[in-house]
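Engineer: Using my numbering, the first residue of the sequence shown is number 748, and each one after it goes up by one.
All C-beta atoms, glycine included, are put in the ideal place defined by N, C-alpha and C.
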Amino acid sequence: MKNSARFYVLVLVLWMIAAWNTAFMSIMFWPLLFGYKVLYQEPKIWLARAEFGLIVAALLFLAWFVFHLGRLAGKQSKKEEGVDKRQ
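Pasting the structure below:
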């Protein structure tokens with residue numbers, strides 16, 4: 748693997764860890780922040796907004812990741828074609 752590919756894999760792994768921790772902490776932290784009454788006796792709008800934001804962030808990151816991985820693959824194939832033409 749090239750250094751740039753390792754970088755993208757590292758970013759993906761770190762993002763997955765951060766997303767998991769964010770989802771877990773939102774489930775554990777919102778009741779402490781807003782109290783039992785707000786979350787369990789009234790609509791869970793704050794938790795729903797947090798989960799929606801996490802989903803949107805995940806989709807945006809995946810789109811960015813796939814786009815840059817495609818660019819990386821395109822650059823690599825162009826380099827390989829250039830090497831083949833020289834030989």
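Tell me the rounded alpha-carbon separation between Ile-764 and Ala-804.
Structural biologist: Residue 764 sits at position 17 when you count from the first residue of the sequence shown. Residue 804 sits at position 57 when you count from the first residue of the sequence shown. Distance between the alpha carbons of Ile-764 and Ala-804 is about 14 Å.
Engineer: Could you name the residues of the same chain whose beta carbon sits closer than 7 Å to that of Leu-759, not counting the 5 residues immediately before and after it, in chain order?
Structural biologist: By one-based count along the sequence shown, residue 759 stands at place 12. Cβ within range, chain order: Phe-812.
Engineer: Go through its chain and collect everything with a Cβ distance to Ala-766's Cβ below 7 Å, but skip five positions before and after it.
Structural biologist: Locating residue 766 in the sequence shown gives position 19, counting from the first residue. Taken in chain order, the residues that qualify are Leu-801, Ala-805.
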